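Visitor: Here the protein sequences line up with chains U and Z, keeping their order.
Using the working numbering, the first residue of the first sequence is number 1, and each one after it goes up by one.
Using the working numbering, the first residue of the second sequence is number 388, and each one after it goes up by one.
The structure under discussion is supplied below as structure tokens; questions concerning it will follow.
Number of protein chains: 2
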Amino acid sequence: MPEHPRLSTFIEAAAASVFSRLRNRAEASGYELAALHLGDTYKDAPEGCRMQDLLSEEIEGLHRYSPVEGQPALLSALAERATLRHGRQTTSGDVLVTGGATGGLGATFGAIVDPGDEVIVLTPYWPLITGILRGLHARAVLVPLLLASDEGHADAALVSRVEAACTDRTVALYLNTPNNPTGRVLDPGLVLRLTEFARRRGLWVVADECYEDYVYAGQHAPARHFAPERTFSVHSFSKAFGMAGNRCGYVVSPPGLTEHLRKVSLHTFYATPTAAQFAALRALDGPGDAFVAATAPVYAEVGRACARLLGIPPPESGTFLFFDLSAHLGQRPLIHLLEHLADHGLLLAPGPSFGPYPSHARLCFTALPPERTLAAVGRLTDLLVGG
Amino acid sequence: MPEHPRLSTFIEAAAASVFSRLRNRAEASGYELAALHLGDTYKDAPEGCRMQDLLSEEIEGLHRYSPVEGQPALLSALAERATLRHGRQTTSGDVLVTGGATGGLGATFGAIVDPGDEVIVLTPYWPLITGILRGLHARAVLVPLLLASDEGHADAALVSRVEAACTDRTVALYLNTPNNPTGRVLDPGLVLRLTEFARRRGLWVVADECYEDYVYAGQHAPARHFAPERTFSVHSFSKAFGMAGNRCGYVVSPPGLTEHLRKVSLHTFYATPTAAQFAALRALDGPGDAFVAATAPVYAEVGRACARLLGIPPPESGTFLFFDLSAHLGQRPLIHLLEHLADHGLLLAPGPSFGPYPSHARLCFTALPPERTLAAVGRLTDLLVGG
Numbered sequence: 001m002p003e004h005p006r007l008s009t010f011i012e013a014a015a016a017s018v019f020s021r022l023r024n025r026a027e028a029s030g031y032e033l034a035a036l037h038l039g040d041t042y043k044d045a046p047e048g049c050r051m052q053d054l055l056s057e058e059i060e061g062l063h064r065y066s067p068v069e070g071q072p073a074l075l076s077a078l079a080e081r082a083t084l085r086h087g088r089q090t091t092s093g094d095v096l097v098t099g100g101a102t103g104g105l106g107a108t109f110g111a112i113v114d115p116g117d118e119v120i121v122l123t124p125y126w127p128l129i130t131g132i133l134r135g136l137h138a139r140a141v142l143v144p145l146l147l148a149s150d151e152g153h154a155d156a157a158l159v160s161r162v163e164a165a166c167t168d169r170t171v172a173l174y175l176n177t178p179n180n181p182t183g184r185v186l187d188p189g190l191v192l193r194l195t196e197f198a199r200r201r202g203l204w205v206v207a208d209e210c211y212e213d214y215v216y217a218g219q220h221a222p223a224r225h226f227a228p229e230r231t232f233s234v235h236s237f238s239k240a241f242g243m244a245g246n247r248c249g250y251v252v253s254p255p256g257l258t259e260h261l262r263k264v265s266l267h268t269f270y271a272t273p274t275a276a277q278f279a280a281l282r283a284l285d286g287p288g289d290a291f292v293a294a295t296a297p298v299y300a301e302v303g304r305a306c307a308r309l310l311g312i313p314p315p316e317s318g319t320f321l322f323f324d325l326s327a328h329l330g331q332r333p334l335i336h337l338l339e340h341l342a343d344h345g346l347l348l349a350p351g352p353s354f355g356p357y358p359s360h361a362r363l364c365f366t367a368l369p370p371e372r373t374l375a376a377v378g379r380l381t382d383l384l385v386g387g
Numbered sequence: 388m389p390e391h392p393r394l395s396t397f398i399e400a401a402a403a404s405v406f407s408r409l410r411n412r413a414e415a416s417g418y419e420l421a422a423l424h425l426g427d428t429y430k431d432a433p434e435g436c437r438m439q440d441l442l443s444e445e446i447e448g449l450h451r452y453s454p455v456e457g458q459p460a461l462l463s464a465l466a467e468r469a470t471l472r473h474g475r476q477t478t479s480g481d482v483l484v485t486g487g488a489t490g491g492l493g494a495t496f497g498a499i500v501d502p503g504d505e506v507i508v509l510t511p512y513w514p515l516i517t518g519i520l521r522g523l524h525a526r527a528v529l530v531p532l533l534l535a536s537d538e539g540h541a542d543a544a545l546v547s548r549v550e551a552a553c554t555d556r557t558v559a560l561y562l563n564t565p566n567n568p569t570g571r572v573l574d575p576g577l578v579l580r581l582t583e584f585a586r587r588r589g590l591w592v593v594a595d596e597c598y599e600d601y602v603y604a605g606q607h608a609p610a611r612h613f614a615p616e617r618t619f620s621v622h623s624f625s626k627a628f629g630m631a632g633n634r635c636g637y638v639v640s641p642p643g644l645t646e647h648l649r650k651v652s653l654h655t656f657y658a659t660p661t662a663a664q665f666a667a668l669r670a671l672d673g674p675g676d677a678f679v680a681a682t683a684p685v686y687a688e689v690g691r692a693c694a695r696l697l698g699i700p701p702p703e704s705g706t707f708l709f710f711d712l713s714a715h716l717g718q719r720p721l722i723h724l725l726e727h728l729a730d731h732g733l734l735l736a737p738g739p740s741f742g743p744y745p746s747h748a749r750l751c752f753t754a755l756p757p758e759r760t761l762a763a764v765g766r767l768t769d770l771l772v773g774g
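Have a look at this one:
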């Protein structure tokens, strides 16, 4: 290998991905691949909202740059949606269209954190959030969402833990509900208490609500409803409408702040892909809600069936199950078990990607069609029992 | 406006965009809008490579996530292209597909700079590069590409200036050739000298070569040819094939380094849009080169005609003219003249976006069809003469 200058400290700190190594093993295994480690859907985007439905002749500038903040018609449709969903008057100027929710979270944190700043992150967390903060030289302060000792007064205990984690360097609270990976839906009373705490301590709230359309139990409470003056509400079409590959999401900001997030996203990917924006706009005009209405009950049913097979509680929302494998580990480290599963074509995401969970794994129950998912989870339980 | 916590220092340092203010004036002017301030093309993407040509039924996973590093078939086609163009053996593993060249430059600098590090940037520069570095808390050290005093020994003088700008904190040299905004093409001897200097001082070379397909005079020299062990070569389909709205570019890295850039881009926009990657792949299979062959002579001719109207040298490459307006300013600051032009529907990009150029402006001669561009530049010269 040739000599070359040093790399950034971000790169030195970022762990090499275990995912691709596991994938290579699974692909070489000879078994049918069941890639349940990534969040995705087996369903195609709704008809009328696919790439082939976007005609150059009809959409001027389809392959040209979009305005950095987003296509005007999409901004307007999203403002209307946010007004309804958050119960807060929203204008086009409050909305920034972004390269997925990933781009939206990057733009938000880029606008509010400085090196050395701290952000409170509830665990288990969405795996990329700590890397996004590390890239900004900020620090994720981890607070467990739920402890075994919480029973009976979980909400009060959580708020106390968040308060105890807050320091002079804390600038924001990152709230991901409905939650990836646990599927937990924070109830409105808890979201209210957490946003009140943020207000009392002068913190921003960054609310990652990508799974809001897939809630099977309880009630989703948008943080922006309770604290519109300090909440950045981050959303995505990836999960909602089966458009993860399009890379289109959005952020609703407190009044006057979109222009600041726009400066960050401008320097990251310039503007959100134009075709993705028109596809999202079409989905918002009816087909998207129809897709969710048809899909959510199917997701819920397959999630419940997988949970039954695994002997764990059913998911409250989303597309994932997060469960403890310690009973099946014996003396082995988790990675050995995950390699063993990969050697039988089964891929799960390792618990440590989501926080301090050395014996957990995450399974996506929507990446494959229901019957294939259930067959794969059946194989998984056989392998776990067989050791 | 409600009280809220502070913003990041990046945001405090980033200037509010003068572009949107000028655009609003131009749109309100009642004149036909000539938006010559942004780099874009009036041509649609080549037939066969448009969104409507990408069929769900034919392309599995068209709306699903792509692998973070890019679609395997596209990586392979790009490796072949880089092998030929750079004269250096290239494998798929050396290539990262990115959200445009903007995403590629972000991934590259994210992997190599730390807060306080310095990067040498030749002026005039592509406007977003200083913001990308500022977002990483690194510093752009500006070195003029050409000074009036250089005449006759310009290359030696430039290398001396670069040497003089180098400090203990310098980690990289950013080379943008063919250059945006000047259209200048650095000749192979100069690129060789600059890469040799980088090697001597142990610097990375980040070579932004987005305009490589549109060279009208001189010879484009890819920096990676001279210093493959330290050069990140950044490319884009935006300009080459009229696909700016798709957001697809790529970076070719020294051996073993792609995985590091991949960690940064993963945290920025997850993966490049899937449809954009398939559109690029189709373009690389013939239609792209045909598009360039048909388009480059048209661009060259309209660039020359605009230069003649403005009384400045013809462009050597690309889609821009960068010229000094001081003879037309009198006592006015540049912005007053640009506002005067906007009030007649004409938009130019202000010189200060490109470095210390208080009386320059940039004009894109490919944003509108040739006849409309020439009409707009005719109006521009009338207004300049009329004051």
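Virtual Cβ for every residue (Gly too), placed ideally from N, Cα, C.
In this text, all values refer to a predicted model and were calculated from it rather than measured experimentally.
Using DSSP bridges, identify the partner residues of U:W126.
Guide: Its beta-bridge partners do not exist; DSSP assigns none.
Visitor: Nearest by alpha-carbon distance to U:L257: which of U:S92, U:R6 and U:S236 is it?
Guide: It is U:S92 whose Cα lies nearest to the Cα of U:L257.
Visitor: Counting only beta-carbon separations shorter than 7 Å, does Z:P502 have a partner in chain B?
Guide: The chain labelled as chain B is not found among the protein chains of the depicted structure, namely U and Z.
Visitor: Should Z:Q476 and Z:T485 be called a contact, given that it needs their Cβ atoms to be closer than 7 Å?
Guide: no
Visitor: If I follow the unbroken alpha helix (DSSP H) through U:G249, where does it start and stop?
Guide: Judged by DSSP secondary structure, U:G249 falls outside any alpha helix (DSSP H) and instead within the beta strand (DSSP E) spanning G249 to V252.
Visitor: Tell me, please, whether the CB atom of Z:M388 is closer than 7 Å to any CB atom in chain U?
Guide: Residue placement at Z:M388 is flagged as unreliable, the pLDDT there being 36, under the threshold of 50; a coordinate-derived value is accordingly withheld.
Visitor: Kindly indicate which residue of U:A275, U:V162 and U:P144 has the alpha-carbon position closest to the one of U:A172.
Guide: U:V162
Visitor: Do you know offhand how far Z:P389's Cα is from Z:F741's?
Guide: Residue placement at Z:P389 is poorly supported in this model, since its pLDDT is 44, which falls under 50; the coordinates are not used for a value here.
Visitor: On the DSSP bridge list, what partners appear for U:S401?
Guide: Beyond the ends of chain U as shown, which are 1 and 387, falls residue 401 of chain U; an answer cannot be given.
Visitor: Is DSSP giving U:T272 helix, strand or coil here?
Guide: coil
Visitor: Give me, in chain order, the residues of the same chain whose beta-carbon lies closer than 8 Å to that of U:V292; leave out the 5 immediate sequence neighbours on both sides.
Guide: Scanning its chain for C-beta atoms nearer than 8 Å, with the 5 sequence neighbours on each side dropped, one finds around U:V292 the residues D213, Y214, A240 and F241, in chain order.
Visitor: Looking at C-beta atoms only, is the number of pairs between the region 202-213 of chain U and the region 175-189 of chain U that lie closer than 8 Å three or more?
Guide: Touching, yes.
Visitor: Tell me the rounded alpha-carbon separation between Z:V593 and Z:A610.
Guide: 9 Å
Visitor: Of the residues that make up the region 184-204 of chain U, which ones have a beta carbon closer than 7 Å to any beta carbon in chain Z?
Guide: For the region 184-204 of chain U, the set of positions with a beta-carbon nearer than 7 Å to some beta-carbon of chain Z reads G202, L203 and W204 in chain order.
Visitor: Z:G717: which of Z:L771, Z:Y603 and Z:G765 sits nearest, CA to CA?
Guide: Z:L771
Visitor: Have a look at Z:T706 and Z:F624 and give me their C-alpha separation to the nearest angstrom.
Guide: 14 Å
Visitor: For Z:P660, return the contacting residues in chain U, with the cut-off set at a CB-CB distance below 7 Å.
Guide: G245, N246, R247, P273 and A276
Visitor: When we look at the beta-carbon of U:H153 and count the other beta-carbons within 10 Å, is it buried (16 or more) or exposed?
Guide: exposed
Visitor: Any beta carbon from chain Z within less than 7 Å of U:A34's own beta carbon?
Guide: no
Visitor: Can you check the region 135-208 of chain U for any alpha helix (DSSP H) of at least 4 residues that lies completely inside it and give the ranges in chain order?
Guide: 154-165 and 188-201
Visitor: To the nearest angstrom, how far is the alpha carbon of U:S253 from that of Z:A422?
Guide: 29 Å
Visitor: Compute the Euclidean distance between the alpha carbons of Z:A757 and Z:V689, then round it to the nearest angstrom.
Guide: It is Pro, not Ala, that sits at residue 757 of chain Z in the sequence shown. Taking the straight line from one Cα to the other gives about 6 Å.
Visitor: Can you have a look at U:N246 and say buried or exposed, based on whether 16 or more other CB atoms are within 10 angstroms of its CB?
Guide: buried
Visitor: Considering Z:T477, what are the terminal residues of the beta strand (DSSP E) in which it resides?
Guide: No beta strand (DSSP E) contains Z:T477, which DSSP labels as neither H nor E.
Visitor: Looking only at its chain, what residues have a beta carbon closer than 8 Å to the beta carbon of U:R262, apart from the 5 residues adjacent to it on each side?
Guide: V68, E69, L96 and A107
Visitor: What separation, rounded to the nearest whole angstrom, lies between the Cα atoms of Z:G417 and Z:H731?
Guide: 8 Å
Visitor: Starting from Z:T768 and walking both ways along the alpha helix (DSSP H), at which residues does that stretch end?
Guide: P757 to G773
Visitor: Please check the pair Z:C380 and Z:A604, which I expect to be a contact at CB under 8 Å, by giving their CB distance rounded to whole angstroms.
Guide: Since the displayed chain Z opens at 388 and closes at 774, residue 380 of chain Z lies outside it and no answer follows.
Visitor: So U:V185 and U:H235 are supposed to be a Cβ contact under 8 Å. How far apart are they, rounded?
Guide: The Cβ separation is near 16 Å, so there is no contact.
Visitor: Taking its Cβ as the centre, do 16 or more other Cβ atoms sit within 10 Å of Z:G673, making it buried, or is it exposed?
Guide: exposed
Visitor: Is U:S392 helix, strand or coil by DSSP?
Guide: Shown here, chain U extends from 1 to 387; a query on residue 392 of chain U therefore has no answer.
Visitor: For Z:H747, which beta-bridge partners are listed by DSSP?
Guide: Z:H747 is bridged by DSSP to Z:D711.
Visitor: Among Z:R393, Z:D542 and Z:V530, whose alpha-carbon lies nearest the alpha-carbon of Z:A552?
Guide: Residue Z:V530 is the option with its Cα nearest to Z:A552.
Visitor: With three or more beta-carbon pairs closer than 8 Å as the criterion, would you say the region 35-52 of chain U touches the region 436-443 of chain Z?
Guide: In short, these stretches touch, since the Cβ pair count reaches three.
Visitor: So U:S317 and U:G103 are supposed to be a Cβ contact under 8 Å. How far apart are they, rounded?
Guide: In fact, because the Cβ distance is near 23 Å, the residues do not count as touching under 8 Å.
Visitor: Going by DSSP, name the residue or residues bridged to U:E118.
Guide: Per DSSP, the beta-bridge partners of U:E118 are U:R139 and U:T170.
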